[in-house]
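The structure appears right after this line, and notes come after that.
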Amino acid sequence: MRQRLVVLGSTGSIGQSTLDVVSRHPDRYEVYALAALRQIDLLESQIDRFKPCVVVVVDPAAAHELSSRIAERGLDVEIKSGAEALVDLVKDAQVDTVMAAIVGAAGLPSALAAAEAGKRVLLANKEALVMAGPVFMNAVRQSGAVLLPIDSEHNAIFQSLPEQYQANPEERGICHIVLTASGGPFRGYTREQLEHVTPEQAVSHPKWSMGPKISVDSASLMNKGLEVIEAHFLFALPLAQIKVVVHPQSTIHSLVQYVDGSVLAELGEPDMRTPIAHALAWPERIQSGVGMLDLVACGRFDFAEPDLEAFPCLSLAYEALALGDSAPAVLNAANEVAVAAFLDRKIGFLDIPEVIRQTLAEIPVKPLIDLDGVLAIDQEARICARRLVESRS
Ligand code: NAD
Ligand code: MG
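Numbering of the sequence shown is given in my numbering, commencing with residue 11 and proceeding in unit increments.
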């Protein structure tokens, strides 16, 4: 039986890499549905190639345009629109596996619905766990969903943990995990140098090719901050057992250190098709299209402490996790607003952490109960962050 797959965010960087891996294994995977915000030219070519039964275009005008094209060409595919359609889609009994690769908070309701419906969830959308970690992990436990991390660091840790690992790191002899960070395009920059960096510089990542939002997050080190929070929930590890080290080559994707001194890691080319193929096939292995790592060509591996003074976003993420409850959701919302404003040239790069810091200070911490509560906190934090952006632009 082929796995029936839904790719949420199919037009994005992760979505396209997923379809690349899937196209190599037509005997194993069937693309049941695709979903994106509005990039209908690309969606149309994906429809031609993968022949899905359903396509969700969240933007209604774009959905309308795609429907007319499909009708004109007489193609047999159902086009749906609206964010609610994403949630209905992942709950469909036909669906086995959901690749959750929508960027940002917009990806939370559908990723959570997939977890609640007990699907095999391939989670790229780290923001879902940052915003709603306890709610999300509870849904996974209750439904028996299989949760497989796509983020390369978390996928590396997943691969380096004992097979039966669920929680209780001490029982399993885990001392701590180490997330590696490339350092991004501004590694080694001082605060003064960061003052005038542009969106174009921020999105040109030295090692990974990614969407614009995560590229800016990598440049500010907020990506690593979000990943620390993601790791805390995914692996049930306390903050004190999660370390970050800068590793510019991005070859070691992360490590697990055990009490006996052993260190297990996953290494490879910096290409997201490796973790995607791993999660698609787990517990088996399939070809991903990624070349074999040439250790001699690598030559050397470097490591350094992250510079928390120049890149305060990482400390802010630690602080939000220590505050707990709704604070990571507030951090995430403020970051999304600040990154969008930076990409729009409304604020400078160094304003990003300031907007986040002040939003965290202004919004009181509340317990996280359910999705509606998380979304309400997200909205409250966005309103606050937008006001702070206006005052700076
Ligand atoms: P991207 O910007 O390239 O693509 C985003 C996708 O989400 C697109 O298909 C877009 O249409 C869709 N989308 C955006 N807003 C939407 C909305 N409101 N409703 C429905 N769909 C919407 O982003 P990406 O780089 O592929 O990243 C996707 C996710 O994966 C992010 O959460 C990111 O943090 C995570 N991730 C990405 C990488 C990477 O290498 N790109 C690595 C690790 C984790
Ligand atoms: Mg990552």
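Where a beta carbon is used, it is the ideal one built from N, C-alpha and C, also for glycine.
Please read these numbers as outputs of a predicted model, since none were measured by experiment.
**Prompt:** Can you round the beta-carbon distance between residue 360 and residue 326 to whole angstroms, since I take them to be within the 8 Å contact cut?
**Reply:** Counted from its first residue, the sequence shown places residue 360 at position 350. Counted from its first residue, the sequence shown places residue 326 at position 316. Their Cβ separation, rounded to whole angstroms, is 13 Å, which puts residue 360 and residue 326 out of contact at 8 Å.
**Prompt:** Taking the runs of the alpha helix (DSSP H) that are 4 residues or longer, which of them lie wholly in the segment 58–92?
**Reply:** Listed in chain order, they are 70–83.
**Prompt:** Which residue from 261, 350, 270 puts its Cα closest to that of residue 306?
**Reply:** The count along the sequence shown starts at 1 and reaches residue 306 at position 296. Of the listed residues, the one whose Cα sits closest to residue 306 is 261.
**Message:** Residues in the same chain with beta-carbon distance under 6 Å from residue 121, minus the five sequence neighbours each way, listed in chain order, please.
**Reply:** Along the sequence shown, read from residue 1 onward, the residue named residue 121 stands at position 111. Answer for residue 121: 110, 135, 138, listed in chain order.
**Prompt:** Does any heavy atom of the ligand NAD sit closer than 8 Å to the C-beta of residue 200?
**Reply:** Along the sequence shown, read from residue 1 onward, the residue named residue 200 stands at position 190. The answer is no for residue 200.
**Prompt:** Taking residue 383 as the reference, which of 47, 64, 118 has the closest Cα?
**Reply:** Looking up residue 383 in the sequence shown gives position 373. The residue among 47, 64, 118 with its C-alpha nearest the C-alpha of residue 383 is 118.
**Request:** Determine contact between the segment 345–361 and the segment 373–382, defined as no fewer than three beta-carbon pairs at a distance below 8 Å.
**Result:** No: the two stretches stay apart, fewer than three of their Cβ pairs being nearer than 8 Å.
**Request:** Entirely within the segment 298–324 and at least 4 residues each: give me those alpha helix (DSSP H) ranges in chain order.
**Result:** Listed in chain order, they are 305–308.
**Best match in 233, 246, 96, 193 for proximity to residue 146 [C-alpha to C-alpha]** = Indexing the sequence shown from 1 puts residue 146 at position 136. Considering only alpha carbons, the answer is 246.
**Prompt:** Which same chain residues, not among the five before or five after residue 214, have their C-beta less than 7 Å away from its C-beta?
**Reply:** Residue numbering aside, residue 214 sits at position 204 when the sequence shown is read from its first letter. 195, listed in sequence order.
**Item:** Contacting residues, own chain, Cβ-Cβ under 6 Å from residue 209 (five flanking each side not counted)
**Value:** Counting from 1 along the sequence shown, the entry for residue 209 is found at position 199. Same-chain partners within the cutoff: 353.
**Item:** Chain-order list of residues whose beta-carbon lies under 6 Å from that of residue 351 (same chain, five-residue window excluded)
**Value:** As a first step, residue 351 is located in the sequence shown; it is residue number 341 there, counting from the start. Excluding residues within five positions, the ones whose Cβ falls inside 6 Å are 357, 399.
**Asked** Using the C-alpha atoms, what's the distance from residue 280 back to residue 445?
**Response** Absent from the structure is residue 445, since the part of the chain shown begins at 11 and ends at 403.
**Request:** Check each candidate in 108, 141, 59, 85 and name the one with the smallest Cα separation from residue 7.
**Result:** No statement about residue 7 is possible, as the shown extent of the chain runs from 11 to 403 and does not include it.
**Asked** Excluding sequence positions up to five away, which residues of its chain have a Cβ less than 7 Å from the Cβ of residue 346?
**Response** By 1-based counting over the sequence shown, the position of residue 346 is 336. Short of 7 Å from the beta carbon of residue 346, and not among the five residues preceding or following it, lie these beta carbons of its own chain, in chain order: 114, 115.
**Message:** Taking 6 Å as the limit between beta carbons, can you name the residues of its chain near residue 64, skipping five residues before and five after?
**Reply:** Here residue 64 refers to the residue found at position 54 when the sequence shown is read from its first residue. Excluding sequence neighbours, residue 64 sits near 43, 88.
**Asked** Rounded to the nearest angstrom, how far is the Cβ of residue 278 from that of residue 303, given a contact under 8 Å?
**Response** Position 268 of the sequence shown holds residue 278. Position 293 of the sequence shown holds residue 303. Rounded, the Cβ-Cβ distance is 5 Å, consistent with contact.
**Prompt:** Does DSSP put residue 264 in a helix, in a strand, or in coil?
**Reply:** Along the sequence shown, read from residue 1 onward, the residue named residue 264 stands at position 254. The answer is strand: DSSP assigns residue 264 an E or B state.
**Prompt:** Can you find at least 3 beta carbon pairs, one from the segment 321–335 and one from the segment 223–243, that sit closer than 8 Å?
**Reply:** Because the criterion of three Cβ pairs below 8 Å is met, the segment 321–335 and the segment 223–243 touch.
**Prompt:** Quick one: is residue 1 buried, meaning 16 or more other Cβ sit within 10 Å of its Cβ, or exposed?
**Reply:** Nothing about residue 1 can be reported from this structure: the residues present for the chain run from 11 to 403 only.
**Request:** Report the partner residues of residue 190 according to the DSSP bridge assignment.
**Result:** Reading the sequence shown from its first residue, position 180 is the one you call residue 190. Bridge partners of residue 190 according to DSSP: 255.
**Message:** Out of 287, 187, 290, which one is the CA nearest neighbour of residue 248?
**Reply:** On the sequence shown, residue 248 is found 238 positions in, with the first residue counted as 1. The option with the nearest alpha carbon to residue 248 is 187.
**Asked** Where does residue 147 fall in DSSP's three states?
**Response** Stepping through the sequence shown from its first residue, residue 147 is reached at position 137. Here residue 147 sits in helix by DSSP.
**Prompt:** Can you pull every residue whose C-beta falls closer than 6 Å to some heavy atom of the ligand MG, listed in chain order?
**Reply:** Taking every residue with its beta carbon within less than 6 Å of a heavy atom belonging to the ligand MG gives, in chain order, 161, 162, 163, 237.
**Candidates 56, 348, 381, 312: closest to residue 25 by CA position** = Position 15 of the sequence shown, counting from 1, holds the residue named residue 25. Closest by C-alpha distance to residue 25, out of 56, 348, 381, 312, is 56.
**Prompt:** If you measure from the CB of residue 233, is any heavy atom of the ligand NAD nearer than 8 Å?
**Reply:** Mapped onto the sequence shown, residue 233 falls at position 223. Closer than 8 Å to some heavy atom of the ligand NAD: that describes the Cβ of residue 233.
**Message:** If I measure Cβ to Cβ from residue 68 and keep anything under 6 Å in the same chain, skipping five residues before and after, which residues do I get?
**Reply:** Against the sequence shown, residue 68 aligns to sequence position 58. Counting only Cβ-Cβ distances below 6 Å, and skipping sequence neighbours, we find 47, 93.
**Prompt:** When you compare only the Cα positions, how much space is there between residue 396 and residue 240?
**Reply:** Against the sequence shown, residue 396 aligns to sequence position 386. Against the sequence shown, residue 240 aligns to sequence position 230. Rounded to the nearest whole angstrom, the CA to CA distance from residue 396 to residue 240 is 25 Å.
**Prompt:** Closest to residue 176 by CA distance: which of 317, 158, 205, 189 is it?
**Reply:** Working through the sequence shown from its first residue, we reach residue 176 at position 166. Out of 317, 158, 205, 189, 158 has the C-alpha closest to the C-alpha of residue 176.
**Request:** Run the CB neighbour count on residue 23, radius 10 Å, all protein chains shown included, and call it buried at 16 or more, exposed below.
**Result:** Residue mapping note: residue 23 aligns to position 13 of the sequence shown, counting from 1. The residue in question, residue 23, is buried, as its Cβ has 16 or more Cβ neighbours within 10 Å.
**Request:** Run the proximity test for residue 389: is its beta-carbon closer than 8 Å to any non-hydrogen atom belonging to the ligand NAD?
**Result:** Position 379 of the sequence shown, counted from the first residue, corresponds to residue 389. The answer is no for residue 389.
**Prompt:** In chain order, what residues of the same chain have a beta carbon less than 8 Å from the beta carbon of residue 199, not counting five sequence neighbours either side?
**Reply:** Start at 1 with the first residue of the sequence shown, and residue 199 comes out as number 189. So the qualifying residues of the chain are 207, 320.
**Message:** Could you tell me the alpha carbon to alpha carbon distance between residue 404 and residue 314, rounded to whole angstroms?
**Reply:** The requested residue 404 does not occur in the structure, where the chain is confined to residues 11 to 403.
**Asked** Secondary structure at residue 110, three-state DSSP: helix, strand or coil?
**Response** The sequence position of residue 110 within the sequence shown is 100, counting from 1. Three-state DSSP puts residue 110 in a strand.
**Message:** Give me, in chain order, the residues of the same chain whose beta-carbon lies closer than 8 Å to that of residue 379; leave out the 5 immediate sequence neighbours on both sides.
**Reply:** Along the sequence shown, one-based indexing puts residue 379 at 369. Result list for residue 379: 145, in chain order.
**Asked** Given a threshold of 16 other Cβ atoms within 10 Å of its Cβ, counted over all protein chains shown, does residue 283 qualify as buried or as exposed?
**Response** Translated into the one-based positions of the sequence shown, residue 283 becomes position 273. Buried, by the Cβ-count rule.
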